[in-house]
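Line by line, the protein sequences give chains D and G. Following our numbering, the numbering of the first sequence begins with 1 at its first residue and continues without gaps. Following our numbering, the numbering of the second sequence begins with 354 at its first residue and continues without gaps. In this text, a Cβ means the ideal position worked out from N, Cα and C, and glycines have one as well. Report on one structure; see the data block that follows.
Protein chains: 2
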Amino acid sequence: MSETSALPAAGAARVAALLTRYRERVLAALRETVDGAGVGYAGYMRYHFGWQDAAGNPIAEAAGKMLRPALCLLCCEAVGGDAARALPAAVALELVHNFTLIHDDIEDSSDTRHGRTTLWRVAGIPQAINTGDGMFVLAHRTLLRLADAGVAADRVLDAVRALDDACVGLCDGQHADIGFEGTAHVTLEQYEAMVAGKTAALLGASAAVGAIAGGAEARAVDAFGACGRRLGMAFQVQDDVLGIWGDAGTTGKPVADDIRSRKKSFPVVYALGSLPTAERERLRTVYEQPSLGEDDVALVLRLLEAAGARDASAQAAKRWAAAALDAVREVEMHPDRRADIEALAAFFVDRSA
Amino acid sequence: MSETSALPAAGAARVAALLTRYRERVLAALRETVDGAGVGYAGYMRYHFGWQDAAGNPIAEAAGKMLRPALCLLCCEAVGGDAARALPAAVALELVHNFTLIHDDIEDSSDTRHGRTTLWRVAGIPQAINTGDGMFVLAHRTLLRLADAGVAADRVLDAVRALDDACVGLCDGQHADIGFEGTAHVTLEQYEAMVAGKTAALLGASAAVGAIAGGAEARAVDAFGACGRRLGMAFQVQDDVLGIWGDAGTTGKPVADDIRSRKKSFPVVYALGSLPTAERERLRTVYEQPSLGEDDVALVLRLLEAAGARDASAQAAKRWAAAALDAVREVEMHPDRRADIEALAAFFVDRSA
C-alpha cells in the first residue's frame, strides 16, 4: 500500500494539476447547461453553485473541486478516449452531485454550506425541493448529449444505466443514513452499505461512465466502476475523520462538528463495535441524547481515542484506496494516467479539506 | 367539436373499458418494479401507492385511474404496436407522476391525498423528499427496460429524451406554480405556460413514448406528443373546474377547495382578465389575503359567476380536447383506437372526478 500511505509533494502537485486541467472546461460546460436550460429555476441553480447572490447579482465563483467530473474525464483519457467525448457526462455527474446537496441540506436542516446560506433558507423549502428535482432531470438530459459528442446509442444507454443504478443506490444510502439517526447501534456492515450507496455509487458511476465514453470494453468499464466505488469508500471515511478531527480553518466546519450533530460516522461506528461493554454503553447513552453539550463532545472524543478510532479510520481509508487501485491494476492504460489515478487515490486519503 | 361536446353513455363505457384493459397489467408491472428494486425506501413507496398502511400491513388497493400509462399503451397500440413493448414506459410514467405527487404534497403542506395521510406526514420531510427522489430515478431506470422489451437502442434514447424533456418542463411549471402564490395578477398566457409544464408535458410524453415504443415514424411521434400535451391542457382546466364546483363526494375534496387555498386556477385567472375594473380589484384584493373566510369564498364564487368563468373554463377545456384530436387527425390508425382516443378526450372534459 506504499502508493497510498502518504502523499508526497509531487503527488499533491499532480492532483492539483489534474483538477485544474479539467475544471475550467467542466465549469464552462456546466454554466452553459444551466444558463441554456431555458427554465425559470435557473437562478436558484446559479445561486446554489455560487455564481450569483440571493439578489441575482453575479459573484466571484466558489471554487468547487469538481472531483466527480475530474474522475470521469480522467478515466475516459485513461482508456485512450478524448476527454471531450465524456464532457456531457462530467457535467451530468456534477449536476447530480449538487442536486443531492440541495436536498440533503433540506433533509438535514443545514443553514449553511461552504460558508453560504443554503438554497432552502433563501428560496424556501418548496422551491428548493423543486430546484433539486429540476437539477436532477437536467443532469439526465445532459447525459444524453453524449450522443452529440459522438458516443454510439448503445453506449449512451450503458452510461444512462450506470448513472441510474448509481442514483438508485444514492437514494437507498440516503434512506439508510436518515434512518441511522433513530438507531442506537449501527454496525460497520450497515455503515458500509450506507456509504456504498450515499457516496461510493456516484463516484463509481463517474469512473464507469468516463470509461464508457472513452470506448472501453465491458470488463474495463466494470474495473473502473469498482475503482470509483472503492475510491468513494475511502473518500467518505476520510470525510468522517475530517468531520471530527479536521481543522476548522481548512474544512470550513467547526472541530467535532459531526459529533455535535450525533452523526453515526465511521469512527463512532468503529468505536461502538470495538469498545469494551462499559465504554460502549457510555458512548451509546451520550449519543442517544437529543443534543450534546460540550462536556458530552469531550467525552465522546475521549472514548473515540480510547477505541483507537482515528487510526482505525485512517487505516480503513487506506485499505479502500489500495483496493481501488487493485481494481484497475490489470487494465491497460497510459502510465501518466495511472499515476494520476494513484495520486487521486492518495489525495482522497490524505486530504485535509 | 361534436366528439367532445358531451360524453354519451357509450363513450363512458368505452373509457371504462380501456382503463380496465390496461390497469391490471400496469399495476402488476408497477408492483414488481417497486418490490423488486431492492431498496430500503420501497415500504414508503408502497405506502404512497396505497398498497400498505403506515405500519406496513397490506391494505385494499386504492383505485388510481392510471391515465398516463393508459394513454401510453393506447398510443402504442394506435400505431400498430404491441402494448407489451411499451409496458416499461407505462410503469415509468406512473412512477414519475407519483414522484411529483409526493414532492407536491410537501411543497403544498398537504395533509391528505385521496383521503389518506400524505407520505411526508407519516415519514417526515427528509424521508419523503428522498422517497420522491428514489421513485424518480426508479422511473428512469424502468424506462431503460424498453430495450429488454425489444425496442432498439436509438428508439429507447428517443423515449428517454422525451421523458427528460417532459420532466424539465414539469419542474419549470412547478416553479411557476409556486411563484403564482406570491403574484397578485396572473395572465392567461402565464397560466397556460405553467400548465404546459406542470400537467401537459408528462401527458405529452406519455403519448409520444407510447408511439415511439410502438414503432411510429418521427412525424407520428410528434403528432401524438402534441395530442397528449393538448389533452393535458384540457385535463387541467377541467381539474380546475372540479376544484371549485366539483361534488365533494365524487372529487374527495370540499367544494370550492381551490378557492380556499387561493389557487390561481383557470376560472380565477379568466375572471381576473375579463371582469370590469371594480370587480377585478375586489377579486384581487380578496385573493391577496393570507387566508379566506367563508364570506370571502362566497364573494369569489359570485365574482366568478359574474365573469362567466365556469362556462369559459368548460369551453376552453373543450377547445383543447378538440385540438388534441386535430393533432392526430392525419395519422393513420385503427378506427377502434381512434374511437378510444376520442372517448378519452371527451372523458377528460366531462369527468366529474
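Neighbourhood of residue i by C-beta, 6 Å cutoff - its chain only, sequence neighbours within 5 removed
i	result
G/THR493	In the sequence under discussion, the amino acid at residue 493 of chain G is His, which differs from the Thr named in the question. The answer is none, since no qualifying residue turns up.
D/THR4	Any answer about D/THR4 is weak, because its pLDDT of 41 lies below 50 and its placement is not dependable; what the coordinates show is given next. LYS318, ALA321, ALA322, ALA345, ALA346, VAL349, listed in sequence order.
D/MET333	ALA78
D/ARG229	ALA200, GLY204
D/ALA223	ALA327, VAL328, VAL331
G/TYR640	ARG615
G/ASP611	GLY596, ILE597, SER618
D/THR33	VAL91, THR142
G/ALA662	PRO620, TYR623, ALA624
D/ALA208	ALA162, VAL221, PHE224, GLY225
G/LYS606	none
G/ILE565	ARG508, ASP511, ALA512, VAL574
Check whether residue i and residue j have beta carbons under 8 Å apart
i	j	result
D/LEU303	D/LEU283	yes
D/CYS98	G/GLN527	The identity of residue 98 of chain D in the sequence shown is Asn, whereas the question assumes Cys. Cβ atoms of D/ASN98 and G/GLN527: not closer than 8 Å.
D/GLY169	D/GLY197	yes
D/ASP35	D/ALA42	yes
G/ALA500	G/VAL509	yes
D/LEU138	D/ALA37	yes
G/VAL608	D/ASP172	no
D/SER313	D/PRO276	no
D/ALA193	D/ALA176	yes
G/ASP649	G/GLN642	yes
G/PHE489	D/PHE136	yes
Spatial neighbours of residue i in its chain, beta-carbon cut-off 8 Å, leaving aside the 5 residues before and after
i	result
D/LEU19	LYS65, MET66, LEU67, ALA70
D/GLY150	ARG85
G/SER705	LEU595, GLY599, ASP600, THR603, THR604
G/TYR375	MET419, PRO422, ALA423, LEU426, LEU427, ALA436, ALA443
D/GLN52	GLY43, ARG46, PRO58, ILE59
G/VAL379	MET419, PRO422, ALA423, LEU426, LEU440, ALA443, VAL444, GLU447
D/ARG113	LEU101, ASP105
D/ALA17	none
8 Å contact criterion, which residue i and residue j should meet: CB distance rounded
i	j	result
D/ILE102	D/GLY132	4 Å
G/GLY563	G/ALA442	7 Å
G/ALA677	G/ALA587	7 Å
D/LEU119	D/TYR44	6 Å
G/GLU430	G/GLY557	Not confirmed; about 18 Å, so no contact.
G/SER559	G/LEU446	5 Å
D/VAL186	D/LYS264	5 Å
D/THR199	D/GLN236	4 Å
G/GLY487	G/ALA696	With 8 Å as the limit, G/GLY487 and G/ALA696 do not qualify as a contact, their Cβ atoms being about 35 Å apart.
G/GLU632	G/ALA659	6 Å
Cut-off 7 Å between Cβ atoms - residues of its own chain near residue i, not counting five sequence neighbours on either side
i	result
D/ALA128	ILE102, ILE106, LEU119, TRP120
D/VAL15	ALA343, LEU344, PHE347
G/GLN591	ALA670, PHE701, VAL702, ARG704
D/MET1	Model confidence at D/MET1 stands at a pLDDT of 36, short of 50, so the residue's coordinates are unreliable; what they give is reported in the following sentence. Closer than 7 Å at the Cβ level, and outside the excluded window around D/MET1, lie LYS318, ALA322.
G/ALA407	TYR400, VAL475
G/ARG690	LEU427, GLU430, ALA431
D/ARG145	PRO88
D/ALA218	none
Residue i beta carbon near the ligand FAD (any heavy atom closer than 7 Å)
i	result
G/GLU685	Judged by which ligands are present, the structure shown has none, so any question about the ligand FAD falls away.
Interface residues of chain A facing residue i [CB-CB closer than 8 Å]
i	result
G/ALA382	Given the protein chain composition of this structure (D and G), no chain A is represented.
Below 8 Å, can you find three or more Cβ-Cβ pairs linking the stretch 593-612 of chain G to the stretch 624-638 of chain G? no
By the 7 Å beta-carbon criterion, what residues does the stretch 150-163 of chain D contribute toward chain G? ALA153, ASP154, VAL156, LEU157, VAL160, ARG161
Please confirm if the stretch 507-525 of chain G is in contact with the stretch 111-123 of chain D, defined as three or more CB-CB distances below 8 Å between the two stretches. no
Please identify, using Cβ separations under 9 Å, the residues of the stretch 399-416 of chain G that lie next to chain D, in order along the chain. none
Scan the stretch 184-206 of chain D for residues whose Cβ lies nearer than 7 Å to a Cβ of chain G and list them as they occur along the chain. none
If contact means a Cβ-Cβ distance below 9 Å, which residues of the stretch 384-398 of chain G contact chain D? ALA390, GLY391, VAL392, GLY393, TYR394, TYR397
Which residues, taken in chain order from the stretch 77-101 of chain D, show a beta carbon closer than 9 Å to some beta carbon of chain G? PHE99, THR100
Using Cβ-Cβ distances below 9 Å, what residues of the stretch 481-493 of chain G are close to chain D? ILE482, ASN483, THR484, GLY485, ASP486, GLY487, MET488, PHE489, VAL490, LEU491, HIS493
Quick one: which residues of the stretch 561-595 of chain G get their C-beta closer than 9 Å to a C-beta of chain D? List them in chain order. none
Could you list the residues in the stretch 166-177 of chain D with a C-beta less than 7 Å from some C-beta on chain G, going in chain order? CYS167, VAL168, CYS171, ASP172, GLN174, HIS175, ALA176
The stretch 641-675 of chain G: positions lying closer than 9 Å to chain D by Cβ: none
Please list the residues of the stretch 101-117 of chain D that have a C-beta atom closer than 7 Å to any C-beta atom in chain G, keeping them in chain order. HIS103, ILE106, GLU107
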